[in-house]
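Peer 1: Dropping a structure here in structure tokens format, bear with me for questions.
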Amino acid sequence: MKTTRTNESAICKSCLTVLDAATSDENAVPSEGDITVCFYCTTVSKFDSELMLEPLNEFEQKQIQDDDPAMWGKIQHTIRQIKLFNDYKKKQN
Ligand SMILES: [Zn+2]
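Residue 44 in my numbering sits at position 56 of the sequence shown, with consecutive numbering throughout.
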């Protein structure tokens, strides 16, 4: 697990939460074009050259599903994990 500070002005354009860090279970450091999942609302975005976030449009999502099914599976797995964690957290409060 590696967490990297990205851009302090980066926000998820869906839930408007500041996302100034990214965590990878493969110790990867984010760079332009990399895909990330919002920890708060699970919107799938990609990093631009300044590590700001742009949500994937339907075409881009379909492209990943067609061209890289393993990556798409990983994204879906990450979304499920985040939802489970957030449901668990809600029950604790
Ligand atoms: Zn979000």
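Each residue gets a CB set at the ideal place from its N, CA and C atoms; glycine is no exception.
Below 7 Å, is the gap between the Cβ of THR105 and the nearest heavy atom of ligand 1?
Peer 2: Summary: the structure shown does not reach residue 105, with the chain confined to residues -11 through 81, and so no result is reported for it.
Peer 1: So, with DSSP's three-state summary, where would you put LEU41?
Peer 2: Looking at LEU41 - three-state DSSP - the assignment turns out to be strand.
Peer 1: Which term fits PHE35, buried or exposed, when burial requires 16 or more other beta carbons within 10 angstroms of its beta carbon?
Peer 2: Under this definition PHE35 is a buried residue.
Peer 1: Can you tell me where the alpha helix (DSSP H) with LYS1 in it begins and where it stops?
Peer 2: Unbroken run through LYS1: none, as it is neither H nor E.
Peer 1: Within 7 Å: the Cβ of SER2 and any heavy atom of ligand 1?
Peer 2: Within the cutoff, so yes.
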